[in-house]
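Residue numbering for the sequence shown is 1 to 278, as defined by full-length UniProt numbering.
No residue lacks a Cβ here, since even glycine has one placed at the ideal position from N, Cα and C.
Here the structure is laid out as structure tokens; the discussion comes afterwards.
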Amino acid sequence: MNAEARLEALSVFLKSQRAKISPLSAGLPGGTRRRTPGLRREEVAQLAGVSTTWYTWLEQGRDIKVSVSVLDNISKALRLTADERKYLHSLALDTHTGPEFPPETQSEIRPSLLKIIRELKYSPTIVTDRRCQIVGWNEAARHVFLDFEQVPAAQRNLIRLLFARKELQRLAVNWEDFVGGFLAIFRTYYGQYVDDEWYTEFIRDMDANHPDFDRLWQRSTVNNAPDVLIEFRHSKAGKMLFELTSMQVHGSADLRCIIYTPAANGTETKLMKMIQKL
């Protein structure tokens, strides 16, 4: 991510977080003449103990000097989570101390990890890399989502598939919540690998080709491991309930296991019947 893209991402993030906080919840008078939701810039500045002008410049994405302590004060004012604070620091600080990465990644799953996900017979599991590229899956995931083997390897990006494939859009009862969980994970990578131009190009491409992407991306949260209860309406099995668990795999490849655990006995039974029929 070049400096211009990094500062633009910082600007968008600060504006979106400011809009989420009501004045009353922050101990400020609500008033009746607010044109936009959430706090005003001067109110965030007041809560953070900085000047309105300085905060305005920061939110406008100007290239100004910031300190860790001031960013911590802004994080408190905006009520950021731990993952959101890390994201803010990655975008706002001049120095980058994140992990190194090769120009192109080609992650492979170790046999031990492959054995683990295969043992999760009735918990659909997908393994992705730091770019949300799908590098592994189990039989249950193939039945619930789609046959990833039939998708060319270069097109197996989880974020792209969620917006491009109609069967995935029809699957979740609330598709926007379904997508939101993965965008939250993607944002953590976006902030962690601020020097990787791939993210900027990918977001630009998604914005150009998928009308809903920009709206959902602008309002997405930052969450390294969201725990979500999701309801699917499967074309063959009907209603299915799963609990989403996202776990990072330790190691240099920066892989992530996304596991859907059946949240009701009926869901697991339906999944067992689907698999056993083949």
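- Asn-73 carries a helical assignment under DSSP once its states are collapsed to helix, strand and coil.
- In summary, Pro-152 is exposed, with fewer than 16 beta-carbon neighbours lying within 10 Å of its beta-carbon over all protein chains present.
- Taking a C-beta distance under 8 Å as the contact criterion, Ala-184 and Ser-220 qualify as a contact pair.
- The distance from the Cβ of Leu-161 to that of Leu-168 is about 6 Å, consistent with a contact at the 8 Å cut-off.
- For Arg-219, the three-state secondary structure derived from DSSP is helix.
- Here the region 248-259 does not lie against the region 211-219, with fewer than 3 beta-carbon pairs under 8 Å apart.
- An exposed status is given to Leu-24, since fewer than 16 other beta-carbon atoms sit within 10 Å of its beta-carbon.
- Rounded to whole angstroms, the separation of the alpha carbons of Ala-140 and Asn-265 is 16 Å.
- Under the three-state reduction of DSSP, Asn-265 is assigned to helix.
- Distance from the CA atom of Glu-8 to the CA atom of Ala-82, rounded to whole angstroms, is 21 Å.
- With fewer than 16 other Cβ atoms inside 10 Å of its own Cβ, Gly-27 counts as exposed.
- Burial state of Gly-136 is buried, judged by a 10 Å Cβ sphere holding 16 or more other Cβ atoms.
- As a beta-bridge residue in DSSP terms, Phe-242 pairs with Ile-230 and Pro-262.
- Ranked by how close their Cα comes to the Cα of Leu-58, the residues Gln-276, Ser-11, Glu-201 and Arg-18 have Ser-11 in first place.
- If only uninterrupted beta strand (DSSP E) runs of at least 3 residues are considered, those enclosed by the region 89-158 are 125-128 and 134-137.
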